[in-house]
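Contents: one structure, followed by commentary.
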Amino acid sequence: MQDLPALAESLLPIVARAGAAVMRVYDDAHFKVQRKDDNSPLTLADLESQRVILEGLAAITPKIPVLSEESAQAPWSERQIWSELWVVDPLDGTREFVKRNGEFTVNVALVRAHEPVLGLVAAPALGLLYWGAAGMGAFSQHRGAARLPIHVSAPHQPLRVVGSRSHASAATADYLAKLGPHVQKGIGSSLKFCLVAEGNADLYPRFGPTSEWDTAAGQAILEAAGGQVTRLDGHRLRYNCRESVINGDFLAFSHPSVLAPGQAGF
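Each position in the sequence shown, counted from 1, maps to that position plus 327 in this note's numbering.
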């Protein structure tokens, strides 16, 4: 069991290198896009970022296994005995990468006893880096400037809601209809968690499937900044608890008072 602040410091240069690998592909106007079995996009940036992260994690924590979108998944019979693991998305928001809007991230999280206790999210095209850990707080850094502590803000009126730019749903629209006065902004990838964590949004409702590597790092940062991420029944979103790595619907928020009626009673 390594110290979380020390692990965070060790991870910062690894995530920076992964972001640089992503940007080398992004800056090539002729990068190729492949399709995975589920028809989602895959680029060389995903694979290069994955390589950098796996090499870095193997160097600093060789005994901690890794669950990653772009690597072969260990069978549940093996995963279910993992008490600690890295959860990695080397390029979250590949659709945004392909659209060239800059709203893609590199996500790395440490999960202990099913809880995300450390997370790093880099948005290399935007020059942004976020990280946070249980007991340490959360931080942001812009293009190498001084690191700044971040924290969720008191709820605004109208509420500031962030949602997926590429995955809108009827269920989300139904939820927002019950919410009351709000303004909504669409943004890609795990940046939605980070906007709530730094006090620039109040609520991120997600209805529809996401994978554990899409949410673990953002959840760790948001919780370190004073926010919460729960399922609709009010229980905290947890990891590596079952064979499927698909999350159910969830709400990421600064304070329970921002939730729609019927969701705040937990």
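Just so you know, even glycine gets a beta-carbon here, dropped at the ideal spot from N, CA and C. Model, not experiment: these values are computed from the prediction.
Report the rounded CA-to-CA distance for residue i versus residue j, giving the unit in angstroms.
{"i": "I391", "j": "L445", "result": "14 Å"}
{"i": "W409", "j": "L394", "result": "11 Å"}
{"i": "S399", "j": "A473", "result": "Sequence inspection shows Ala at residue 399; the Ser mentioned does not correspond to that position. Answer to the nearest angstrom: the Cα atoms are 37 Å apart."}
{"i": "L371", "j": "D529", "result": "35 Å"}
{"i": "I477", "j": "H582", "result": "15 Å"}
{"i": "G592", "j": "Q555", "result": "Model confidence at G592 stands at a pLDDT of 44, short of 50, so the residue's coordinates are unreliable; what they give is reported in the following sentence. The alpha-carbon atoms of G592 and Q555 are separated by roughly 14 Å."}
{"i": "G420", "j": "T542", "result": "12 Å"}
{"i": "D330", "j": "I548", "result": "17 Å"}
{"i": "Y457", "j": "Y502", "result": "28 Å"}
{"i": "L564", "j": "R533", "result": "12 Å"}
{"i": "I573", "j": "T537", "result": "6 Å"}
{"i": "A551", "j": "S517", "result": "15 Å"}
{"i": "S337", "j": "L455", "result": "18 Å"}
{"i": "G383", "j": "P402", "result": "23 Å"}
{"i": "V415", "j": "A386", "result": "16 Å"}
Measure the Cβ-Cβ separation of residue i and residue j and say whether it is below 8 Å.
{"i": "H441", "j": "Y531", "result": "no"}
{"i": "A347", "j": "P417", "result": "no"}
{"i": "N428", "j": "V448", "result": "no"}
{"i": "W413", "j": "L437", "result": "yes"}
{"i": "F520", "j": "G490", "result": "no"}
{"i": "I514", "j": "E396", "result": "no"}
{"i": "R344", "j": "V379", "result": "yes"}
{"i": "P332", "j": "A460", "result": "yes"}
{"i": "Q590", "j": "L559", "result": "yes"}
Helix, strand or coil: how does DSSP classify residue i here?
{"i": "I548", "result": "helix"}
{"i": "L518", "result": "helix"}
{"i": "Q377", "result": "helix"}
{"i": "G592", "result": "Legend: pLDDT at G592 = 44, less than 50; position of this residue unreliable, no value from coordinates given."}
{"i": "F424", "result": "helix"}
{"i": "V489", "result": "strand"}
{"i": "V479", "result": "coil"}
Tell me, please, which residues DSSP counts as bridged to residue i.
{"i": "N574", "result": "T537"}
{"i": "D419", "result": "T432"}
{"i": "H357", "result": "Partner(s): none; H357 has no beta bridge."}
_Quick check: the region 344-353 against the region 477-485, are at least 3 beta-carbon pairs closer than 8 Å?_
Touching, no, given that fewer than three Cβ pairs across the two stretches are closer than 8 Å.
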